[in-house]
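Here the structure is laid out as structure tokens; the discussion comes afterwards.
Residue numbers (this note's numbering), protein chains in the order written: chain R, 194 to 346; chain U, 28 to 432.
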């Protein structure tokens with residue numbers, strides 16, 4: 194009786210150990226996939242990956258420049274080159290201004306933030322900005338929008 | 028590109044070894060001094076341990092805000108605290124060699140302290156409201172330049188450290204002193220070492236208040252990196268830009284401090300009110316000091332669908348240097364108001380908790396509005412307050428949407 198119990202215990206122990214190690218392996222794999230979903234660390238030739246990112250730099254999908262989120266339009270790449278070296282495109286995308294307003298912002302960056310002279314490109318950049326990010330009339334207080342309705346009880 | 032990619036590879040493997048809690052062979056490829064944080068500039072939530080519902084407005088520099096329902100805690104945890112940066116967050120902070128120098132034309136001497144030196148001064152703890160001067164900017168019309176904050180650039184955490192006045196007195200203040208200026212370890216976006224990202228300050232009177240701290244702890248722990256580790260000024264009730272982060276140097280000035288973002292139009296509003304869209308010259312712009320009265324409905328989250336006709340609501344109210352006297356709510360777009368219960372602040376400059384039980388008369392769409400009144404009788408406006416070129420100080424009452432079925 195005691196011997197049988199011992200055997201059973203040993204067997205159970207081995208099975209548990211087996212399950213545990215499989216679980217650990219799986220956990221490691223899952224954790225790794227989360228960190229590096231493309232398994233890029235196991236790629237052999239970084240040159241291929243580099244070429245792929247090069248293409249990405251100009252990629253436009255559904256009218257949006259994928260790398261920066263800026264709207265596609267005339268002089269887009271001029272804006273990318275001159276306006277996203279220091280700061281993120283996100284600050285452009287969330288702002289709205291008329292021609293004079295965008296010019297003021299550029300001037301402020303030149304006077305205080307080390308932005309270089311834009312030369313002939315300045316007018317093209319301002320045209321892009323005012324075409325794609327013009328001011329919108331908002332009134333004194335907008336209606337609540339984008340309400341995410343949920344049951345509360 | 029290749030470097031960045033390699034970095035990510037090695038980062039992933041290094042992190043994997045952290046998960047395993049053991050060395051792995053690939054880890055030897057990681058160069059010395061490499062930060063063991065992966066997604067160096069990609070994942071805000073992982074990098075700064077932030078709640079998944081925080082909203083990133085900008086990723087260079089990092090700027091992110093909470094939403095009203097995230098701010099329900101009485102003491103704001105780090106995970107739900109807004110992040111406002113003018114420059115690049117410093118890296119590789121060496122706490123053991125960190126020093127703070129206090130000097131300036133109105134200092135009686137120049138003195139340098141280590142963190143250990145600072146910790147020998149009496150330690151004080153206060154819960155302090157910090158709100159970005161531009162919180163609510165997104166609602167101004169015509170639009171104002173800058174990060175388009177909605178309502179979530181406010182926090183009220185517990186800060187511990189040295190009273191600034193204890194340090195200033197230790198150094199000695201000349202009788203002509205009028206202002207304190209700060210310098211931090213953050214870098215200018217352009218990468219230029221000659222430029223400061225931000226270097227603001229406060230009048231001597233604010234610096235000498237009991238609650239103005241040079242803090243080394245937030246919520247009882249070391250200050251998180253995004254919030255100024257290891258040393259931060261905390262000046263509750265004033266635009267949060269006064270509460271400089273990563274502080275290395277303070278200057279006692281005989282004039283209003285003239286560091287970056289002190290002059291021009293930054294953190295200033297027209298000295299006299301102007302019509303929307305007006306151009307205002309720099310010399311007609313005045314520095315913002317105490318923030319205006321404001322409140323938030325932190326429960327329930329906007330968008331509640333109700334089966335019943337009663338609803339418990341709650342939130343916080345604050346009023347810069349002042350105390351909030353009362354909070355009222357309206358469910359009929361401001362036509363009628365009913366009082367809420369309000370608690371005293373835990374200390375001066377901490378936000379106050381309010382609550383009420385709302386009864387809706389019948390089914391339909393409602394907006395619950397909250398309106399705080401400060402001890403001088405100033406109330407939150409229902410529409411957007413005075414337009415100003417940079418879109419500061421929007422304290423219009425907060426609104427949530429509710430439907431009763």
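Even glycine gets a Cβ: it sits at the ideal position worked out from N, Cα and C.
At which residue ranges does the region 338-368 of chain U contain complete beta strand (DSSP E) runs of 3 or more residues, listed in the order of the chain? 351-357
Just to confirm my understanding: we take residue 216 of chain R, look at its own chain, exclude 5 residues before and 5 after, and list those with CB closer than 6 Å. What are they? Around residue 216 of chain R: no qualifying Cβ.
Got a sec? Which residues, its chain only, sit under 7 Å from residue 250 of chain R by beta carbon, not counting five neighbours each side? 260
Per the contact definition of three or more C-beta pairs closer than 8 Å, is the region 240-248 of chain U in contact with the region 285-300 of chain U? no
Cβ neighbour criterion (16 or more within 10 Å) applied to residue 340 of chain U: Residue 340 of chain U is buried by the Cβ-count criterion.
To be precise: take each residue of the region 300-315 of chain R, compare its Cβ to all Cβ atoms of chain U, and keep it if any distance is under 9 Å. Which residues remain? 301, 304, 305, 306, 307, 308
Say whether chain R places a C-beta atom closer than 7 Å to the C-beta of residue 94 of chain U. Output row for residue 94 of chain U: interface = no.
Could you check the C-alpha separation between residue 343 of chain R and residue 330 of chain U for me, to the nearest Å? 6 Å
For residue 109 of chain U, count neighbouring C-beta atoms within 10 Å of its own C-beta (all shown protein chains included) and say buried if the count is 16 or more, exposed if not. buried
Chain-ordered chain R contacts of residue 334 of chain U [CB-CB under 7 Å]: Counting only Cβ-Cβ distances below 7 Å, residue 334 of chain U has contacts in chain R at 346, in chain order.
With a threshold of 7 Å between beta carbons, is residue 244 of chain U in contact with chain R? No - not a single Cβ of chain R is within 7 Å of the one on residue 244 of chain U.
Note down, one range per segment and in chain order, each beta strand (DSSP E) of at least 3 residues found wholly within the region 88-141 of chain U. Counting only runs of 3 or more, we get 89-92, 126-130, 138-141.
State the Cα-Cα distance for the pair residue 299 of chain U and residue 311 of chain U, rounded to the nearest angstrom. 8 Å
So, is residue 21 of chain U buried or exposed, given that buried needs 16 or more other C-beta atoms within 10 angstroms? Residue 21 of chain U lies beyond the range of chain U shown here (28 to 432); nothing can be said about it.
Taking the alpha carbon of residue 164 of chain U as the point to measure from, which residue in R:294, R:312, R:313, R:287 has its own alpha carbon closest? R:287
Between residue 54 of chain U and chain R, is any beta-carbon pair separated by less than 7 Å? In this prediction, residue 54 of chain U has a pLDDT of 41, which is less than 50 and means its spatial position is unreliable; what the coordinates show is noted afterwards. False, the Cβ-Cβ gap to chain R never drops below 7 Å.
Does DSSP classify residue 342 of chain R as helix, strand or coil? coil
Contacting residues, own chain, Cβ-Cβ under 8 Å from residue 170 of chain U (five flanking each side not counted): 418
What does residue 289 of chain R touch in chain U if you count any residue whose Cβ is under 7 Å from its own? Correct list: 170.
Using C-beta distances below 6 Å, list every residue in its chain close to residue 426 of chain U, excluding the 5 sequence neighbours before and after it, in chain order. 394, 396
In chain order, what are the residue ranges of uninterrupted beta strand (DSSP E) at least 3 long that sit wholly in the region 233-257 of chain U? 240-245
Please compile the residues from chain U whose C-beta is within a distance smaller than 9 Å of the C-beta of residue 214 of chain R. Per Cβ cutoff of 9 Å: no residues; residue 214 of chain R is ~13 Å from chain U at best.
Report yes if the C-beta of residue 210 of chain U is less than 6 Å from at least one heavy atom of the ligand FAD; otherwise report no. With respect to the ligand FAD, the structure offers nothing, as it holds no ligand at all.
Can you find the residues in the same chain that come closer than 6 Å, C-beta to C-beta, to residue 250 of chain U, ignoring five residues on each side of it along the sequence? 256, 259
Chain-order list of residues whose beta-carbon lies under 6 Å from that of residue 430 of chain U (same chain, five-residue window excluded): 332, 392
Do the region 269-276 of chain R and the region 73-80 of chain U meet, that is, are 3 or more Cβ pairs less than 8 Å apart? no
Exposure label - residue 284 of chain R; buried when at least 16 CB within 10 Å: Buried is the call here.
Going by C-alpha to C-alpha distance, which of U:231, U:173, U:181 sits closest to residue 191 of chain U? U:231
Between the alpha carbons of residue 201 of chain U and residue 282 of chain U, how many angstroms are there, rounded? Just so you know, the alpha carbons of residue 201 of chain U and residue 282 of chain U end up roughly 12 Å apart.
So residue 213 of chain U and residue 224 of chain U are supposed to be a Cβ contact under 8 Å. How far apart are they, rounded? 5 Å
Report the three-state DSSP secondary structure of residue 268 of chain R (helix, strand or coil). coil
Could you name the residues of the same chain whose beta carbon sits closer than 7 Å to that of residue 262 of chain U, not counting the 5 residues immediately before and after it, in chain order? Cβ-Cβ distances below 7 Å link residue 262 of chain U to 229, 233, 239, 269, 270 in the same chain, with the five nearest sequence neighbours on each side left out; the list follows chain order.
State the DSSP-derived secondary structure class of residue 240 of chain R, mapped to helix, strand or coil. Legend: pLDDT at residue 240 of chain R = 43, less than 50; position of this residue unreliable, value from coordinates given subsequently. The three-state reading of DSSP puts residue 240 of chain R in helix, counting H, G and I together.
Euclidean distance between Cα positions of residue 323 of chain R and residue 274 of chain U: Spanning the two alpha carbons is a distance of roughly 39 Å.
Have a look at residue 183 of chain U and residue 344 of chain U and give me their C-alpha separation to the nearest angstrom. 11 Å
Going along the region 382-414 of chain U in order, which residues come within less than 8 Å of chain R, judged by CB to CB distance? 394, 409, 410, 411
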